[in-house]
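Student: Take a look at the following structure, please.
Residue numbers (my numbering): 24 to 373.
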């Protein structure tokens with residue numbers, strides 16, 4: 024009698040990749056809505072444009088590699104890459120900047136390495152970092168001013184015209200520096216109280232940004248509740264960032280406060296949706312803690328002493344480099360084996 028051979032531990036019911044990616048897409052909706060409400064139509068337009076480009080680029084590359092196009096497209100990973108780029112890029116970035124980022128992510132960072140599961144680096148962050156280094160003007164001067172969609176934000180037609188015009192610098196009346204960038208550059212010559220008078224900070228921590236980060240936090244907690252991701256990377260990333268901020272940034276007249284690091288920029292998007300990429304992140308729980316903490320520490324270092332307003336992309340990519348080293352020294356235990364006893368108890372048992 025022929026018996027079916029199956030590797031241990033003989034578990035069943037694993038969710039397919041397509042369903043996992045669909046939950047990730049759904050979990051980003053609160054953050055996308057918050058971005059649209061507080062910063063206008065730009066990110067929504069970027070998301071639609073980037074997702075379309077990502078799916079099309081994936082299809083073309085699969086065809087060139089003689090792989091079944093429909094089979095691989097239905098896993099939704101290309102759509103998630105485009106979605107993350109659309110959420111991360113400046114709302115008023117020119118259309119061609121988004122296109123370069125998406126093509127680099129899908130072609131260079133994913134398909135040329137062999138496709139899903141073979142890429143050592145986070146594809147979305149490769150695309151983002153490439154355009155940030157290559158087109159710094161377009162990536163730092165196209166952040167929309169905070170303003171409610173139905174009041175101060177530019178109309179859908181104006182936003183679409185700005186994006187499709189292809190100019191590196193958007194209309195000055197619509198744009199403003201990010202809170203982290205504004206604070207870092209102004210604190211050198213002003214006090215914290217004076218810097219916080221800038222309109223980008225509003226009456227709260229960072230006008231609009233705290234709501235966006237709160238919305239991505241809510242989406243991240245949904246992924247945790249559904250066990251799509253584990254708590255190790257988000258918690259260690261936020262913990263590493265908080266530890267560095269408390270250690271070096273206690274004086275608000277010199278460095279950005281902890282609240283600004285946590286609730287401005289792409290902190291929550293990075294912690295729950297970018298750093299947790301299952302392919303390019305560390306494997307074991309211990310490794311994930313080291314990986315996440317490393318990202319958080321690098322985020323603070325680059326934000327505080329680097330030349331870029333945010334640091335999620337570079338921090339994630341640098342820790343992607345370290346993942347093989349981390350995995351080598353933090354292998355998960357073999358199924359059915361227990362952690363060896365240490366000390367006197369272990370000697371007595373031996």
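Backbone N, C-alpha and C fix where the C-beta goes; we use that ideal spot for every residue, glycine too.
Could you check what DSSP says for residue 167 in three-state terms: helix, strand or coil?
Tutor: Mapped onto the chain shown, residue 167 falls at position 144. Residue 167: strand per DSSP, three-state reduction.
Student: Determine, using beta carbons only, whether residue 126 and residue 80 come nearer to each other than 7 Å.
Tutor: What you label residue 126 is simply residue 103 of the chain shown in a count that begins at 1. What you label residue 80 is simply residue 57 of the chain shown in a count that begins at 1. Contact: yes.
Student: Can you name the start and end residues of the alpha helix (DSSP H) that residue 146 belongs to?
Tutor: To locate residue 146, count along the chain shown from 1; it is residue 123. First-last of the alpha helix (DSSP H) with residue 146: 146–157.
Student: Do you know offhand how far residue 159's Cα is from residue 222's?
Tutor: The count along the chain shown starts at 1 and reaches residue 159 at position 136. The count along the chain shown starts at 1 and reaches residue 222 at position 199. Going by the C-alpha atoms only, they are around 23 Å apart.
Student: Alpha carbon to alpha carbon, how far is residue 315 from residue 298?
Tutor: For the purposes of this step, residue 315 is identified with residue 292 of the chain shown, where counting begins at 1. For the purposes of this step, residue 298 is identified with residue 275 of the chain shown, where counting begins at 1. Each residue's alpha carbon lies about 7 Å from the other.
Student: Is there contact between the region 146–163 and the region 307–327, where contact requires at least three CB pairs shorter than 8 Å?
Tutor: Segments in contact, no.
Student: How long is the line joining the alpha carbons of residue 57 and residue 181, rounded to whole angstroms?
Tutor: Taking the first residue of the chain shown as position 1, residue 57 is located at position 34. Taking the first residue of the chain shown as position 1, residue 181 is located at position 158. Taking the straight line from one Cα to the other gives about 19 Å.
Student: Quick check on the DSSP output: the alpha helix (DSSP H) that includes residue 190 runs from which residue to which?
Tutor: Here residue 190 refers to the residue found at position 167 of the chain shown. Premise fails: residue 190 is in no alpha helix (DSSP H) and is neither H nor E.
Student: Could you compute how far the alpha carbon of residue 177 sits from the alpha carbon of residue 227?
Tutor: Position 154 of the chain shown, counting from 1, holds the residue named residue 177. Position 204 of the chain shown, counting from 1, holds the residue named residue 227. Approximately 22 Å between the Cα atoms of the pair.
Student: Quick check: the Cα distance between residue 238 and residue 111, rounded to an integer number of angstroms?
Tutor: Position 215 of the chain shown, counting from 1, holds the residue named residue 238. Position 88 of the chain shown, counting from 1, holds the residue named residue 111. Near 14 Å, if we compare the C-alpha coordinates of residue 111 and residue 238.
Student: The alpha helix (DSSP H) with residue 299 in it runs from where to where?
Tutor: Reading the chain shown from its first residue, position 276 is the one you call residue 299. Premise fails: residue 299 is in no alpha helix (DSSP H) and is neither H nor E.
Student: Using three-state DSSP, classify residue 274 as helix, strand or coil.
Tutor: Here residue 274 corresponds to residue number 251 of the chain shown, with the count starting at 1. In this structure, residue 274 counts as coil in the three-state DSSP scheme.
Student: Would the region 96–108 and the region 58–78 be scored as touching if the rule is three or more Cβ pairs under 8 Å?
Tutor: The region 96–108 vs the region 58–78: in contact.
Student: Could you check where the alpha helix (DSSP H) with residue 328 kicks off and where it finishes?
Tutor: Sequence index remark: in the chain shown, residue 328 carries index 305 (1-based). Looking at the DSSP string, the run of the alpha helix (DSSP H) that includes residue 328 is 308–328.
Student: Does DSSP put residue 250 in a helix, in a strand, or in coil?
Tutor: Taking the chain shown and counting its residues from 1, the one referred to as residue 250 is at position 227. It is coil, neither helix nor strand.
Student: For the region 211–221 and the region 233–249, state whether three or more C-beta atom pairs, one from each stretch, are separated by less than 8 Å.
Tutor: Result no; under three Cβ-Cβ pairs closer than 8 Å.
Student: Would residue 274 be called buried (16 or more neighbouring beta carbons within 10 Å of its own) or exposed?
Tutor: In the chain shown, the residue the question calls residue 274 occupies position 251. Residue 274 should be labelled exposed.
Student: Identify whether residue 139 lies in helix, strand or coil by the three-state DSSP scheme.
Tutor: What you label residue 139 is simply residue 116 of the chain shown in a count that begins at 1. Three-state result, residue 139: coil.
Student: Any chance the region 330–350 sits against the region 295–313, with 3 or more Cβ pairs inside 8 Å?
Tutor: At 8 Å Cβ cutoff, the stretches touch.
Student: Select from 287, 234, 185 the residue whose C-alpha is nearest the C-alpha of residue 200.
Tutor: Taking the chain shown and counting its residues from 1, one reaches residue 200 at position 177. Residue 200 has its Cα closest to that of 287, out of 287, 234, 185.
Student: When the Cβ atoms of the region 332–347 are set against those of the region 135–147, are three or more pairs found closer than 8 Å?
Tutor: A contact exists between the region 332–347 and the region 135–147.
Student: Please name the residue, chosen from 48, 264, 99, that lies closest to residue 313 on a Cα-to-Cα basis.
Tutor: On the chain shown, residue 313 is found 290 positions in, with the first residue counted as 1. Answer by Cα proximity: 264.
Student: Less than 7 Å between the beta carbons of residue 66 and residue 115, yes or no?
Tutor: In the chain shown, residue 66 corresponds to position 43, counting from 1. In the chain shown, residue 115 corresponds to position 92, counting from 1. No; because the gap between Cβ atoms is not below 7 Å, this pair is not in contact.
Student: Hey, would you say residue 279 sits closer than 7 Å to residue 206, going by beta carbons?
Tutor: The count along the chain shown starts at 1 and reaches residue 279 at position 256. The count along the chain shown starts at 1 and reaches residue 206 at position 183. Against a cut-off of 7 Å, the Cβ pair of residue 206 and residue 279 comes out as a contact.
Student: What is the rounded straight-line gap between the Cα of residue 252 and the Cα of residue 246?
Tutor: Translated into the one-based positions of the chain shown, residue 252 becomes position 229. Translated into the one-based positions of the chain shown, residue 246 becomes position 223. Distance between the alpha carbons of residue 252 and residue 246: 6 Å.
Student: Measure how close the beta-carbons of residue 234 and residue 344 come, nearest whole angstrom, since I'm counting them as under 8 Å.
Tutor: In the chain shown, residue 234 corresponds to position 211, counting from 1. In the chain shown, residue 344 corresponds to position 321, counting from 1. With 8 Å as the limit, residue 234 and residue 344 do not qualify as a contact, their Cβ atoms being about 34 Å apart.
Student: Is residue 355 near residue 295, with beta carbons less than 7 Å apart?
Tutor: The sequence position of residue 355 within the chain shown is 332, counting from 1. The sequence position of residue 295 within the chain shown is 272, counting from 1. Cβ distance not < 7 Å, so residue 355 and residue 295 don't count as in contact.
Student: In terms of alpha-carbon separation, which member of 231, 291, 229 lies closest to residue 254?
Tutor: Residue 254 sits at position 231 when you count from the first residue of the chain shown. Minimum Cα distance to residue 254 is reached at 291.
Student: What three-state label does DSSP hand residue 89 in the structure shown?
Tutor: Translated into positions along the chain shown, residue 89 becomes position 66. Coil at residue 89, not helix or strand.
Student: Please return the same chain residues whose Cβ sits closer than 7 Å to the Cβ of residue 268, not counting the five positions on each side in sequence.
Tutor: Taking the first residue of the chain shown as 1, we reach residue 268 at position 245. Excluding residues within five positions, the ones whose Cβ falls inside 7 Å are 281, 284, 323.
Student: If we ignore side chains and look at the alpha-carbon of each, how far apart do residue 326 and residue 89 end up?
Tutor: For the purposes of this step, residue 326 is identified with residue 303 of the chain shown, where counting begins at 1. For the purposes of this step, residue 89 is identified with residue 66 of the chain shown, where counting begins at 1. Residue 326 and residue 89: Cα-Cα distance of roughly 43 Å.
Student: Suppose you measure from the CA of residue 130 to the CA of residue 42; what does that come to, to the nearest Å?
Tutor: Against the chain shown, residue 130 aligns to sequence position 107. Against the chain shown, residue 42 aligns to sequence position 19. Roughly 23 Å separates the two Cα atoms.
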